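Protein sequence lines correspond, in order, to chains L and Z. Yeah, the first sequence ends on 220 if you go by our numbering, and it's all consecutive. Yeah, the second sequence ends on 192 if you go by our numbering, and it's all consecutive. Below is one structure, written out as structure tokens; comments come after it.
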Amino acid sequence: MGMSSTAARALPVALATGEPATEPARPAADADLEAVEASRRGEREAFDRLVVRYQRDVYRLCFRYVNDHADANDLTQEAFLRAWRAIGGFRGQSRFSTWLYRIAVNACLNHRAARRPPALELPEALPDPAVPASEAVVDEERARRVRDAVSRLPEKQRATLILKVYHDLTHREVAEALGSTVGTVKANLFHALGNLRRLVAEGGE
Amino acid sequence: MSGHLSEERLADVLDGGGGPEAREHAATCRACGARLEAARAALALVLQTEVPEPPALYWEALRRNVGRRIDEEGRRRANRSRLLVFATAAAVVLGVSIGRAPEEPAPAPALPAWSALPPADEDSGLAGLSVLAAETDLAAWNAGRGLGAFVAELSEEESQTLVEALRTDPAGVEL
Numbered sequence: 016m017g018m019s020s021t022a023a024r025a026l027p028v029a030l031a032t033g034e035p036a037t038e039p040a041r042p043a044a045d046a047d048l049e050a051v052e053a054s055r056r057g058e059r060e061a062f063d064r065l066v067v068r069y070q071r072d073v074y075r076l077c078f079r080y081v082n083d084h085a086d087a088n089d090l091t092q093e094a095f096l097r098a099w100r101a102i103g104g105f106r107g108q109s110r111f112s113t114w115l116y117r118i119a120v121n122a123c124l125n126h127r128a129a130r131r132p133p134a135l136e137l138p139e140a141l142p143d144p145a146v147p148a149s150e151a152v153v154d155e156e157r158a159r160r161v162r163d164a165v166s167r168l169p170e171k172q173r174a175t176l177i178l179k180v181y182h183d184l185t186h187r188e189v190a191e192a193l194g195s196t197v198g199t200v201k202a203n204l205f206h207a208l209g210n211l212r213r214l215v216a217e218g219g220e
Numbered sequence: 018m019s020g021h022l023s024e025e026r027l028a029d030v031l032d033g034g035g036g037p038e039a040r041e042h043a044a045t046c047r048a049c050g051a052r053l054e055a056a057r058a059a060l061a062l063v064l065q066t067e068v069p070e071p072p073a074l075y076w077e078a079l080r081r082n083v084g085r086r087i088d089e090e091g092r093r094r095a096n097r098s099r100l101l102v103f104a105t106a107a108a109v110v111l112g113v114s115i116g117r118a119p120e121e122p123a124p125a126p127a128l129p130a131w132s133a134l135p136p137a138d139e140d141s142g143l144a145g146l147s148v149l150a151a152e153t154d155l156a157a158w159n160a161g162r163g164l165g166a167f168v169a170e171l172s173e174e175e176s177q178t179l180v181e182a183l184r185t186d187p188a189g190v191e192l
């Protein structure tokens with residue numbers, strides 16, 4: 016699907032417009048805390064609600080990291096399993112989503128699984144009928160090159176780029192998630208963008 | 018401002034921050050401006066790139082699989098806990114058994130009052146038999162053919178040894 020119009024998403028305000036970042040409204044936060052508290056008491060249904068709420072975000076994070084559906088699927092399940100095990104230790108000092116992304120990133124960083132046979136690869140989604148076929152092919156080809164390039168970035172740069180750009184975490188939240196400093200996160204982000212541009216250019220030659 | 022902007026400062030400017038001085042520098046310095054523009058172009062590429070959307074049914078399957086794995090893990094933990102309790106109990110029982118003082122050997126059964134035989138520790142005949150056993154091939158005895166066959170097959174010399182042994186106590190005192 017790639018860059019089709021159906022794939023449009025809300026861009027991080029500051030990065031998209033150049034305006035200073037403001038704290039976005041977080042209506043899900045209260046519901047998260049309620050579900051987290053219930054999960055800590057062992058209520059599986061409550062954790063199930065958290066899975067439903069965040070499975071897309073976690074899957075996309077993992078997919079961007081490994082650029083493979085089967086591995087992203089495994090890593091998403093692993094991330095939620097780890098979250099369930101560790102939820103008793105979640106003290107609410109950060110957003111639940113930030114805590115969960117940190118777990119998912121750690122699962123990705125530890126990822127050493129062998130790639131699945133091609134038969135298990137996710138089939139490409141059907142093209143958007145609103146987009147002319149030729150444009151869709153070009154868009155998809157470019158999107159594939161970008162995804163490949165992201166997956167080839169050094170691990171910390173990759174994690175920084177994914178969390179900051181796609182999941183809209185602040186520099187500080189990314190630093191917390193990666194056990195790093197704000198300065199390192201900023202530098203990693205800038206290096207990641209520079210490397211990405213080169214990798215995409217190489218991939219298009 | 019002296020020199021160029023660091024990656025940290027450039028990232029701040031890219032993020033809409035960095036302060037007026039850094040933004041002004043980026044706007045006037047050709048090198049920093051070029052790096053910033055390159056980063057913006059890469060960012061635009063990244064933001065336009067989505068992950069392929071799995072089929073709609075995938076999400077329900079994912080949710081179920083996560084639930085199944087959590088349940089399986091819960092069962093495994095419960096089994097491990099039961100096993101741990103059992104192992105602990107077994108270890109306690111074993112420890113108690115090993116730690117107990119060795120019991121006194123059971124006393125030899127007392128001979129009935131009417132027995133014509135002397136007590137074992139006073140029976141010089143038993144000592145004589147042990148001397149005989151040391152000097153005699155007991156293969157025939159061990160073959161299970163009985164005392165009669167064993168004695169019948171003794172040679173003259175062996176018979177004499179047996180008689181002398183039965184008459185002599187372990188200390189060699191003739192009875």
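For each residue, glycine too, the CB sits at the ideal point set by N, CA and C. Everything numeric in this text was worked out from a predicted model, so none of it was measured.
CA nearest to the CA of residue i, picked from the options
{"i": "L/A174", "options": "L/G218, L/A158, L/H126, L/V215", "result": "L/H126"}
{"i": "L/N88", "options": "L/A119, L/Y181, L/F111", "result": "L/A119"}
{"i": "L/G194", "options": "L/E155, L/T113, L/F205, L/R213", "result": "L/T113"}
{"i": "L/F105", "options": "L/E58, L/S54, L/R157, L/R75", "result": "L/S54"}
{"i": "L/R100", "options": "L/F78, L/R56, L/N82", "result": "L/R56"}
Contacting residues, own chain, Cβ-Cβ under 8 angstroms from residue i (five flanking each side not counted)
{"i": "Z/C49", "result": "H21, L22, L27, H42, A43"}
{"i": "Z/G36", "result": "D29"}
Contact with chain L by residue i, beta-carbon distance below 9 angstroms
{"i": "Z/L20", "result": "Per the sequence shown, the amino acid found at residue 20 of chain Z is Gly instead of Leu. No, no contact with chain L."}
{"i": "Z/E41", "result": "no"}
{"i": "Z/S98", "result": "no"}
{"i": "Z/T193", "result": "The structure shown does not extend to residue 193 of chain Z, since chain Z is modelled only from 18 through 192, so no value can be given for it."}
{"i": "Z/V83", "result": "yes"}
{"i": "Z/R86", "result": "yes"}
Closer than 9 angstroms to chain Z by CB, residue i
{"i": "L/N88", "result": "yes"}
{"i": "L/Y116", "result": "no"}
{"i": "L/Q70", "result": "yes"}
{"i": "L/L208", "result": "yes"}
{"i": "L/G198", "result": "yes"}
{"i": "L/V165", "result": "yes"}
{"i": "L/K171", "result": "no"}
{"i": "L/T113", "result": "no"}
Cβ pair residue i, residue j closer than 9 angstroms
{"i": "L/V161", "j": "Z/L62", "result": "yes"}
{"i": "L/N121", "j": "L/Q172", "result": "no"}
{"i": "L/A46", "j": "L/R71", "result": "no"}
{"i": "L/F111", "j": "L/L65", "result": "yes"}
{"i": "L/Y80", "j": "L/H182", "result": "no"}
{"i": "L/L8", "j": "Z/E90", "result": "Absent from the structure is residue 8 of chain L, since the part of chain L shown begins at 16 and ends at 220."}
{"i": "L/A61", "j": "L/V51", "result": "yes"}
{"i": "L/Q108", "j": "Z/V83", "result": "no"}
{"i": "Z/R93", "j": "L/D63", "result": "no"}
{"i": "Z/L64", "j": "L/V180", "result": "yes"}
Three-state secondary structure (DSSP) of residue i
{"i": "Z/C46", "result": "coil"}
{"i": "L/E93", "result": "helix"}
{"i": "L/G104", "result": "helix"}
{"i": "Z/E170", "result": "coil"}
{"i": "L/A145", "result": "The predicted position of L/A145 is uncertain, since its pLDDT is 49 and thus under 50; no value can be drawn from it."}
{"i": "L/E139", "result": "Since pLDDT at L/E139 reaches only 37, below the 50 mark, its modelled position is unreliable, and the value read off the structure follows with that caveat. L/E139: coil per DSSP, three-state reduction."}
{"i": "L/S195", "result": "coil"}
{"i": "Z/T178", "result": "helix"}
{"i": "L/H186", "result": "helix"}
{"i": "Z/P69", "result": "coil"}
{"i": "L/N121", "result": "helix"}
{"i": "L/Y69", "result": "helix"}
{"i": "L/D163", "result": "helix"}
{"i": "Z/E41", "result": "helix"}
Cβ shell of residue i (< 7 angstroms), same chain only, five flanking positions each side left out
{"i": "L/E170", "result": "L124"}
{"i": "L/G218", "result": "R160, D163, A164"}
{"i": "L/L214", "result": "A164, R167"}
Beta-carbon contacts of residue i that lie in its chain and below 6 angstroms, excluding the five residues immediately before and after
{"i": "L/V200", "result": "T175, H186, V189, A190"}
{"i": "Z/A56", "result": "L31"}
{"i": "L/A94", "result": "V73, I118, A119, A122"}
{"i": "L/A98", "result": "L115, I118"}
Neighbouring residues, chain A, relative to residue i (Cβ below 8 angstroms)
{"i": "L/H126", "result": "Note that chain A does not occur in the displayed structure, where the protein chains are L and Z."}
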